[in-house]
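Numbering of the sequence shown is given in this note's numbering, commencing with residue 2 and proceeding in unit increments.
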Amino acid sequence: MTTNNKFPNLSNRDAPLEMHGEEFRELGHQLIEDIAEFLDDLPQRPVTTNESFLKIRQLLGNDNLPERGTSAKELFAEVTNQLFDHSLFNGHPRFWGYITSSAAPIGVLADLLASALNQNVGAAILSPIASEIEAQTIRWVADLIGYPRTCGGLLVSGGNMANFVCFLAARKIKADSDFNEEGLSTSNRPLVAYVSRETHTWIDKAAELFGLGAKHVRWIETDSDQKMDMEALEIQIKSDLSDNYLPFLVVGSAGTVSTGAIDPLPTIATICKKYNLWFHVDGAYGAPAAGLADAPEHLLGLVQADSLALDPHKWLYSPLEAGCALVREQQHLIETFSHHPTYYNFDGTKEDPPINYLDFGLQNSRGFRALKVWLGLRQVGREGYLQMIGDDIALARHLHIEVGRYPELQEATQNLSITTFRFIPQSLNKESATAEDYLNKLNEELVNRLQKSGEVFISNAVIGGKYLLRACIVNFRTTSSDVEALPEIVLRYGKELDAEIRPEALRSD
Ligand SMILES: Cc1ncc(COP(=O)(O)O)c(C=O)c1O
């Protein structure tokens with residue numbers, strides 16, 4: 002603290018965090034070397050280490066906030082390897098869990114460049130070229146999937162946030178009184194939203210957090226292919242209208258999180274028009290497949306949506322985090338999110354209007370997420386993306402066929418690049434009343450073992466009460482020999498586990 006108007010001499014300020022060119026260059030070169038080697042070695046590494054979270058916590062050592070610093074060189078020498086040795090690698094060719102992709106190396110470099118520039122892409126004046134790159138990225142993402150390129154949109158952190166942006170726009174536009182002024186509590190016609198039973202859990206958060214209320218989400222039944230039942234949807238809408246509810250939104254999934262099922266999007270669009278509802282498509286995972294020449298017919302209905310969520314950090318292989326919200330009428334985003342406080346001088350002129358992304362979404366200050374998505378699109382173009390997406394789908398189908406060759410594996414579903422199946426040991430007494438319960442327990446524990454094995458990483462789906470093993474391939478590093486290896490790995494772990502846990506009563510031999 003300064004006293005007596007005596008100030009420290011800061012004419013040659015030596016800020017502790019500053020790093021001058023030479024040091025930055027030396028550390029940067031080494032880091033790039035280490036990352037390049039890591040990427041080359043990735044297939045030889047285990048997908049993950051089977052260590053407890055406790056052990057990893059302990060690895061970090063002394064838990065006190067450091068009073069004094071450590072040189073950046075020492076830190077990188079320690080931390081780079083620590084991270085390589087104790088992480089799960091979603092960039093590994095045999096990672097097929099959840100819906101997390103391998104990250105495109107160009108995106109890794111883009112993130113470094115974006116951080117170095119540190120643009121605040123909330124206002125165009127703070128990020129002149131970055132804002133334009135984001136706008137171009139939005140147009141290109143729309144072009145890739147056949148959505149109108151005149152739409153509004155922005156990049157957000159992921160699928161949840163992209164769906165939230167669209168949900169909020171739908172609520173703003175379709176509500177019958179000005180909710181932003183009065184709040185939800187004054188309405189005597191509660192808003193209701195329609196989703197299928199297979200919709201991702203973002204809708205639970207949205208309903209609770211944005212004032213809709215969980216009980217105003219109508220979970221419409223699905224058919225035997227996990228698609229929303231259109232008859233049930235229309236019956237529910239009619240019943241809500243006659244009970245004085247205000248239906249406002251139908252969410253169609255373009256690739257459900259569990260099995261990749263695609264709702265009948267064209268029919269949902271027709272129903273939405275008939276009842277004046279907002280049609281939102283959750284394409285966080287599956288939307289990019291709409292660009293394929295042989296895209297499933299139902300998927301193409303996404304072009305009619307009022308809004309759409311798509312995750313570049315899923316099937317466009319951008320490093321985390323990158324989600325994208327598209328809204329057909331850009332004005333709807335502005336009406337939902339834009340404010341003009343006096344302390345922001347961002348309006349520009351009519352002749353040269355800026356794109357201020359703080360007017361389009363929930364965030365104020367925002368990073369330059371678009372760079373990694375934009376550079377990926379430029380590096381390989383539409384052609385490159387469609388090739389990788391098509392190959393992922395082909396590999397998932399290949400896996401489905403491979404699974405069918407093994408009597409102890411039972412195929413379940415195959416949609417887009419998600420394949421599900423389960424392990425049924427041959428000598429199991431399938432007639433027993435407890436056989437299905439046992440199979441669920443066995444397959445659940447099998448997923449746990451496989452996830453810890455480091456040989457492969459898959460996740461699960463529960464369909465019709467059956468616990469299934471689930472491989473989701475959004476991974477440009479996966480090859481056919483990787484998927485061909487999976488059945489044998491599953492059988493090896495499955496048989497070992499079955500021998501340990503099967504009750505005597507379920508033995509048929
Ligand atoms: C269909 C769907 N919607 C939304 C999400 C949420 O996306 P994120 O995890 O990027 O928030 C997911 C995630 O897997 C998803 O599959």
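Glycine included, C-beta positions come from ideal geometry on N, C-alpha and C. Keep in mind the model is a prediction, meaning the values are calculated, not measured.
Exercise for review: Going by DSSP, name the residue or residues bridged to L416.
Suggested key: Walking along the sequence shown from the start, residue 416 turns up at place 415. One point to set straight first is that residue 416 is Asn, not Leu, in the sequence displayed. Paired residue(s): I419.
**Study point:** Whether Y407 touches P488 by CB criterion (9 Å)
**Key:** The residue given as residue 407 occupies position 406 in the sequence shown. The residue given as residue 488 occupies position 487 in the sequence shown. For Y407 and P488, yes; Cβs fall inside 9 Å.
Practice item. Under the assumption that Y195 contacts I238 (Cβ atoms under 8 Å), give the Cβ distance between them as a whole number of angstroms. Key: Residue numbering aside, residue 195 sits at position 194 when the sequence shown is read from its first letter. Residue numbering aside, residue 238 sits at position 237 when the sequence shown is read from its first letter. Y195 to I238, Cβ: 7 Å. Contact.
**Study point:** Pick from K228, L213, D41 and H314 that is closest to N189, judged by C-alpha positions
**Key:** For the purposes of this step, residue 189 is taken as the residue at position 188 of the sequence shown. Of K228, L213, D41 and H314, the residue nearest in Cα terms is L213.
Check your understanding: Are T257 and H201 closer than 9 Å when you measure CB to CB?
Key -> Against the sequence shown, residue 257 aligns to sequence position 256. Against the sequence shown, residue 201 aligns to sequence position 200. Cβ atoms of T257 and H201: closer than 9 Å.
Point to revise | Same chain, Cβ closer than 6 Å to P94, five either side skipped, listed in chain order | key: Residue numbering aside, residue 94 sits at position 93 when the sequence shown is read from its first letter. Around P94: P44, R478, T479 and D483.
Review point. What span of residues does the alpha helix (DSSP H) with G324 cover, start to end?
Key: Here residue 324 refers to the residue found at position 323 of the sequence shown. Taken as a continuous stretch (DSSP letters only), G324 belongs to no alpha helix (DSSP H), being part of the beta strand (DSSP E) at G324 to V328.
Review point. What whole-angstrom Cβ distance do L372 and I134 have, given they're in contact under 8 Å?
Key: For the purposes of this step, residue 372 is taken as residue 371 along the sequence shown, with counting starting at 1. For the purposes of this step, residue 134 is taken as residue 133 along the sequence shown, with counting starting at 1. With a Cβ gap of about 6 Å, L372 and I134 count as contacting.
Exercise for review: Tell whether a beta-carbon distance below 9 Å holds between Q415 and A397.
Suggested key: The residue you call residue 415 lines up with position 414 of the sequence shown. The residue you call residue 397 lines up with position 396 of the sequence shown. Yes, these two residues count as a Cβ contact at 9 Å.
Exercise for review: Within the stretch 282-341, note down every full alpha helix (DSSP H) run reaching 4 residues or more, in order along the chain.
Suggested key: 313-316 and 331-338
Exercise for review: Following the continuous alpha helix (DSSP H) through I134, name the residue where it begins and the one where it ends.
Suggested key: The residue you call residue 134 lines up with position 133 of the sequence shown. It spans P129 to I146 - the alpha helix (DSSP H) in which I134 sits, taken as one unbroken run.
Check your understanding: Beta carbon of A1: closer than 8 Å to some heavy atom of ligand 1?
Key -> Only positions 2 to 510 of the chain appear in the structure, and residue 1 is not among them; the question remains open.
Check your understanding: How many angstroms separate the CA atom of A310 from the CA atom of G284?
Key -> Here residue 310 refers to the residue found at position 309 when the sequence shown is read from its first residue. Here residue 284 refers to the residue found at position 283 when the sequence shown is read from its first residue. In a straight line, the C-alpha of A310 is about 5 Å away from that of G284.
Check your understanding: Is it buried or exposed for T223, if we count other Cβ within 10 angstroms and need 16 for buried?
Key -> For the purposes of this step, residue 223 is taken as residue 222 along the sequence shown, with counting starting at 1. With 16 or more Cβ atoms within 10 Å of its Cβ, T223 is classed as buried.
Point to revise | Segment contact flag, the stretch 441-450 with the stretch 42-57, C-beta cutoff 8 Å, min 3 pairs | key: no
Check your understanding: What are the start and end residues of the beta strand (DSSP E) that includes L487?
Key -> Here residue 487 refers to the residue found at position 486 when the sequence shown is read from its first residue. Premise fails: L487 lies in the alpha helix (DSSP H), S481 to I502, not in any beta strand (DSSP E).
Exercise for review: Quick one: measure Cβ to Cβ for L300 and A255, integer angstroms, because I've assumed they're closer than 8 Å.
Suggested key: Start at 1 with the first residue of the sequence shown, and residue 300 comes out as number 299. Start at 1 with the first residue of the sequence shown, and residue 255 comes out as number 254. Indeed, because the Cβ distance is near 6 Å, the residues count as touching under 8 Å.
Exercise for review: Label T3 either buried or exposed according to how many other C-beta atoms from any shown protein chain fall within 10 Å of its C-beta, with 16 as the threshold for buried.
Suggested key: Indexing the sequence shown from 1 puts residue 3 at position 2. For T3, the predicted model reports a pLDDT of 47, less than 50, meaning its position is unreliable and no value from the coordinates is stated.
Practice item. State the beta-bridge partners of I221 as determined by DSSP. Key: Taking the sequence shown and counting its residues from 1, one reaches residue 221 at position 220. Bridge partners of I221: S197.
Exercise for review: Decide if the stretch 98-116 is in contact with the stretch 317-332; the criterion is three or more beta carbon pairs, one per stretch, under 8 Å apart.
Suggested key: yes
Practice item. Can you tell me the Cβ-Cβ gap for L327 and S339, rounded? I've got them flagged as a contact below 8 Å. Key: For the purposes of this step, residue 327 is taken as the residue at position 326 of the sequence shown. For the purposes of this step, residue 339 is taken as the residue at position 338 of the sequence shown. Contact flag wrong, Cβ pair sits at about 17 Å.
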